[in-house]
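1 is the number of the first residue of the sequence shown in the UniProt record's numbering; add one for each residue after it.
Just so you know, even glycine gets a beta-carbon here, dropped at the ideal spot from N, CA and C.
If you're wondering where the values come from, they're calculated on a predicted model, not measured in any experiment.
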Amino acid sequence: MRLSQIKLAGFKSFVDPTTIDLPGQIVGVVGPNGCGKSNVIDALRWVLGESRASALRGESMQDVIFNGSARRKPVARASVELIFDNQSGKAGGQWASYAEISIKRVLLRNGDSSYYINSQKVRRRDITDIFLGTGLGARAYAIIEQGMISRIIEAKPEELRIFLEEAAGVSKYRERRRETAQRLNDTRDNLLRVDDILQEMDKQLLHLAQQAAVAVQYRELETLRDTAQHLFWLLRREEAELARAGFAAQIEKCRTELELKTAVLRENESALEMARSSHYLLSDELQAKQGDLYAANSDLVRLEQQIKHAALARQRLQQQIDQTGQQIEQQLQQREVAQHQLLHWQSQQRVAAEKLTEAEQQFACVDLSQVELQAHEAREAYHRLQREQVKLQQQLSGGEHGNLARNIAQLEAREARLTGEAGSLPLPDLPALQQFERELAELSLLQAEHDARQSSLQTQLTASDSQRQQLRSTLQQRQLQAAQTQARVQALQSLQQDNAPDLQDWLGRHGLDALPPLWQGIQIEPGWETALEAVLGERLNALPALSELICQIDTPPSRLALFEPGSDSPLEAGSWPRLLDCVQSSNAQASINEWLASVYTVADVALGVSIRGQLPSGGRFVTPEGHLIDRRSVLFHAPDPHLHGMLSRQREIDMLERSAMIDDEMVAQLKAACSEAEQRYRDLECQLPVLRRAIHASGQRQHALQMQRHTAQQAEEHRRARGEQISVELAEVAKLLLIEHAQQHALLEQMAQLRYEEGCIRAQVSEARQAAEDRQREFREQQERVRQLLLAKQEADFLQRTCADKITDAQAAIELATQALQQSELLMCKHRADLSSGADEISNEALQAALATRETAENTLSELRNRLEAVTMQMQRLDQARLSCEHELTGIRERLAGLALKEQEARLYFEQWAAHLQGVDESALLPQLAKARSGTLQNELVRLSREIADLGAVNLAALDELQAATERRGYLMAQSEDLQQAMATLEDAIRHIDRESRELLMDTYRQVNLHLAELFPVLFAGGEASLVLTGEEILDGGVQVMAQPPGKKNSTIHLMSGGEKALTAIALIFSLFQLNPAPFCLLDEVDAPLDDTNTERLCALVRKMSQHTQFVFISHNKIAMEMAGQLVGVTMQEKGVSKVVSVDIEAAILLADMAG
């Protein structure tokens, strides 16, 4: 995959759409300082996902958009597009099948940034994923800009490791590991949340059992309160219906009275309407007569205005006649002045024509070209002889002879130096090389053993961790099960010991609170617990006490049973199975025998009723459901909330306590196993770092030996190559000495001939100079005469043109004055005609007729006003009667509204109580309605509400919540197991990624070290360099560059010069390229600190590496420009706007060869 085109538009100084073609493997970008060359590198970095404004030499990302110049306005968007040739299919992921890949980024002024791949909108991460592991990216090593060389070589070891990871392709593993670690952290957080929820649920389960018992009592009181509430609502509904019927009768009476008053009001309104109609007619007639009066007044005023305007018009015409006469006199004077000026300029024009004719005749007699040609020929002859003289003097005084002497001396010195260097070359150290080979073989075997040991320890550590996690999970499950069992036991025991507070105090005063109740010592066959509860009742809670104590104690505050402990001989069995046969007691058998002596068991009520006639006196049957049957009655059992389930709960308590003991033993065993597994895991963890340190030390020793061996081999190769090079150079020096001596002899003969020729040419130059000065003086005299004649001609011509313009102006002034005089005379005639034909005076009869018309209109208007006033008085009387009637109607309506509100209130109360009673069976309440009273029912509701309130907060959904909580706990337990399995899977994946990354990174480290050891001597013509790991773990440690140029023993890289640092950084970057060649490499003036020799070495290395990597470089160095196959010139002819000019060097050379 190679870069073929760069398209820019609106990016920094590239405001116009610009396309840069990159067909070659080495492309140079050249141009003067400040023309925008580095903006090309910034564009490449930006489109590859760079998000730091400082890395693009700006303060914000908006700075990459063209911000305007002196002639151009700012643009609203910036875009950069890279076109890649992917015919080799090296692009990763889904884009590998495309022969050409386009990557584009667009940024708008509002901050919106978009990325595109082949015109498809993608994320920035998709752009990054394409170049993962290739060395390309916003911060990768393939883009080397200004200042980056020093940052690379002086970077921290951890920062330098990032370049090594990119070369190794570990960056994509890093991304996978980061995502896996993030999922692992999320899974751990989820597991912690699930564990917290489980702990909270265990606490809730302890309280839900206690809340269930309170909920039963609450429901009973709630049922009684609901019945009383429904009866109260029914009673209030009937009362509201009676009140509503009474208010409805009163409303009907008020409506009749309202209709009578309304009829009277309608009669008054009809009479008032007729009066209003008469008033409207008279008002219309009055308005018409008022209009006639206004018209008469208007005519009278108009006649008076016409008389006044006629007088003013005559006065204005007389003034205009006087003004026109004055204008005629002025225009006659102006025409006379213009005629005098015309005569003056016509005479001046004739004089100017005579002067122009004379100047032209004199100018025609002068010939300047012949004199100028003679002066030019003399000057050219002088210059030609002077150039020949200078050429001869240069040949005589030139330094060619001195150069030959210096060259001969330099060649002889070089020959002596090479001969001395050949004698001082060191001999090869073969024993040291053999020793290096033996130690390296031993270290390789040791490294293999360490690697096998590390793999074994890693496998054991993984297995130990899995066992540890499994034991932890099992321990948590057992602990949770034990906690649940303990919570259930505590809840059941709390229900078993639910005594009233006052009774508990009484038992404490008499020392009976520590005695066990009867039910704790009873064992009964399953299925007959309810029957025993029905027979014994409160006696199940009986406490053991001697007769003496029973006689001494006072009466308890609530019901309490006491019995004398002891055993008795069993009674004889009867003809039916006895309940006594199902019961055993350790300390109350005598009391049990007495209480159950005549109680027999039957399967159901029907059987008991059918055979109850055979019962002995005092005998009773009991069913498993607790129903009691004697010879004359049947007592159906209803469970007592305080006693029901007491025996079954005690059996469950015993079973749970045994289970709890087993759980405690298992928890103790699991804790011991967890401790052992944890200790094994810690032991393995301690062994692994020790082994890693040993591997690291062995690797460093192996690397040091490899470097020493490589240095020795390189020294031997350098000695052999240097010896061969010295032999070649000595032969070349001898050949050059022969050539230089021959050239020196020929040069001495040539200089003698040149001295003779130079003396001859000196005399000729002096004669030619004198002749040239004479011809030049004659030419200047003739040129001055021509200038004077030309000046006189120009003055005459200018005077002639001025006279012609003045004559034209005078003629135009005469014409304008004549036209103005004619117009003034016509206007005078018109004003006199208007004055003589003025209108006659308006007659006095028309004015008198207008006055009479106005007087008639005023009389008619006065009569109509009197009639309208009489109709208005009638309307006021009728309106007063209407208002009185409406006042009476308002009172009736207010009374009606009040009754309607009361009726509405009663109906609302009825609907309210009816809504409360909706869904209630009213037929069951009707028998109690006759005796019900509102006050009694309210007192009953208050009492029941108080009892409910005394219960405190009641959880009515305790049983449902208990079941739901149990189900949810099971779901959460399953979820916890799934999360633990997911954690184990993710941890295995992270270990696998770390192992692969460590192996890949270590292998890359060794290979880059070997490449660096090869490239550094090439760029420095000797010396050595290597990478050294810092830290025990390569994934978390750093990489440090150690370099020693030839002949130097510096202890740190910071002691190197700027050029040496640049070459060292280039050697490191190119070592990475040899391992993992990027599609292209960008170099921004990296050769700036290098001299010509080092620049030539760099260029040679770039040419060699361009076989696998495309290079785009920016440089001002001519040597660097020579290696480019294509040059891209960046110019800024328009200030602030960059343009591109491309030159194909190979095509230019071919064109030059064809022209030659």
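| Check | Outcome |
| --- | --- |
| Beta-carbon proximity check, G28 vs L1127, cutoff 9 Å | yes |
| For W46 and V80, believed in contact at Cβ under 8 Å, the rounded distance | 6 Å |
| Under 9 Å between C-beta atoms of A1088 and H1116 | yes |
| Buried versus exposed call for S464 [16 or more other C-beta atoms within 10 Å across all chains shown] | buried |
| Option nearest Q975 by Cα separation, candidates K156, L191, S60, A142 | L191 |
| T1095 - DSSP class collapsed to helix/strand/coil | helix |
| Backbone secondary structure at M1123 - three-state DSSP | coil |
| One or two residues paired with I83 in a DSSP bridge | Q5, S102 |
| Completely contained alpha helix (DSSP H) runs for the region 319-376, where each covers 4 or more residues | none |
| Backbone secondary structure at S659 - three-state DSSP | helix |
| Expected contact under 8 Å - CB spacing of A1043 and I1053 to nearest Å | 6 Å |
| Pairwise C-alpha distance: L221 and A573 | A caution first: A573 carries a pLDDT of 47, below 50, which makes its placement in the model unreliable, though a value can still be read off. Whole-angstrom Cα-Cα distance: 45 Å. |
| Three-state class that DSSP yields for R632 in the structure shown | coil |
| With 16 other Cβ atoms within 10 Å as the buried cut-off, status of L234 | buried |
| First through last residue of the alpha helix (DSSP H) which encompasses T1064 | 1058-1075 |
| Touch test, the region 1084-1102 against the region 180-200, Cβ-Cβ under 8 Å, three pairs minimum | no |
| DSSP-derived helix/strand/coil call for E702 | Checking the sequence, you will find Gln at residue 702 rather than Glu. Correct three-state label for Q702: helix. |
| C-alpha distance - E154 paired with Q669, whole-angstrom precision | 58 Å |
| Assigned secondary structure, I1034 (DSSP; H/G/I helix, E/B strand, else coil) | coil |
| Option nearest T128 by Cα separation, candidates A422, I103, I144 | I103 |
| Sub-9 Å separation of I143 and A91 beta-carbons | no |
| Inter-residue Cα distance where the pair is L184 and A982 | 8 Å |
| Under the three-state DSSP convention, the category M1105 falls into | helix |
| Exposure of M148, with buried meaning 16 or more beta-carbon neighbours within 10 Å | buried |
| Among A697, D663, P32, R109, nearest to V1140 - alpha-carbon criterion | P32 |
| Burial state of I739, where buried means 16 or more other Cβ atoms lie within 10 Å | exposed |
| Identity of the residue in I162, Y98, E158, E179 nearest A989 by Cα | E179 |
| Distance CB(A1124)-CB(G24) smaller than 9 Å | yes |
| Nearest-angstrom beta carbon gap, F1070 and L1015 [assumed within contact, 8 Å] | 6 Å |
| Buried versus exposed, by CB contacts within 10 Å (16 or more), A1155 | With a pLDDT of 49 at A1155, under the threshold of 50, the modelled position of this residue cannot be trusted; read the value that follows with caution. Exposed, by the Cβ-count rule. |
| Closest residue to I321 among W528, S824, I26 (Cα-Cα distance) | S824 |
| Which of helix, strand or coil DSSP assigns to D16 | coil |
| CB contact flag (G613, A534, <9 Å) | no |
| Span of the alpha helix (DSSP H), counted from its first residue to its last, around K37 | 37-47 |
| V75 to K391 span [Cα, whole Å] | 60 Å |
| Beta-carbon proximity check, K355 vs L827, cutoff 9 Å | no |
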